[in-house]
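Numbering (the UniProt record's numbering), first residue to last: 1 to 237.
Here's the structure we're looking at; comments come further down.
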Ligand SMILES: N[C@@H](CCC(=O)N[C@@H](CS)C(=O)NCC(=O)O)C(=O)O
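Below is the structure:
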């Protein structure tokens, strides 16, 4: 995609009136939404592995979805989905592993057993982590979200040869960051609370992730995050 002053121009999302791109013509396609944290995981993975030319982004407007998406592409009617080798696959955690295992580029899971096992443990916890954060919004959010962020702070202390969850950058960071990005913004803006306060490792983790283009190119406009949370998850605010 063309670049203007270092900013990647995002293709406009396909809507209910857009034509369906050809299916199974040999092109690998990532059906996505720019604001979806699940889809963002696969987008970061694709970027980090340098697969911009190999995996084409197909952004979908989820508010005005093309009917062909559910009918012809992905009956689950969710994003992300990946069209590859005559199949359409879904589920972001499966997809990031799939892209890592089936495409070229820097491997995003470590080789050594201790890190691998710890990585699996963190990946199997991420759904609970995300759920706990959303549930916290229904009560005293700062207090109720604290155990989840403490969990992350403690996890970041496990390997000290790098600032990431398994030391070096991996799929595990990719699984967590889209959600931490959103809650970091919302807590600062809505609750005037910095989730990194008293959590130095979490602060450094976010800072280091923000040095990785593959991630920063996928970030959502903070105002958009706040607006979305206010209408969808914080109607009382
Ligand atoms: N478990 C799925 C969740 C995907 C998901 O919920 N995507 C949302 C957008 S963020 C979606 O497509 N929602 C549309 C719908 O549910 O109709 C994954 O990890 O990929």
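The beta-carbon is built from N, C-alpha and C at its ideal position, and this holds for glycine as well.
As the structure is a prediction and not an experimental result, all values here were calculated from the model.
Annotation for residue 91 indicates a beta carbon within 8 Å of some heavy atom of ligand 1. Relative to ligand 1, even the nearest heavy atom lies 8 Å or more away from the CB of residue 154. With a cutoff of 9 Å on beta-carbon distance, residue 14 and residue 60 are scored as near each other. By the C-beta criterion, the segment 165-182 is judged to be in contact with the segment 198-215, since at least 3 inter-stretch pairs fall below 8 Å. Within 10 angstroms of the beta-carbon of residue 83 lie 16 or more other beta-carbons, which makes it buried.
As a beta-bridge residue in DSSP terms, residue 31 pairs with 58 and 81. Boundaries of the alpha helix (DSSP H) around residue 171: 171-191. Closest in alpha carbon position to residue 148, among 95, 86 and 202, is 202. Here residue 233 really is in contact with residue 134; their C-beta atoms are around 7 Å apart, less than 8 Å. Within the chosen limit of 8 Å, ligand 1 does not reach the beta carbon of residue 124 with any heavy atom.
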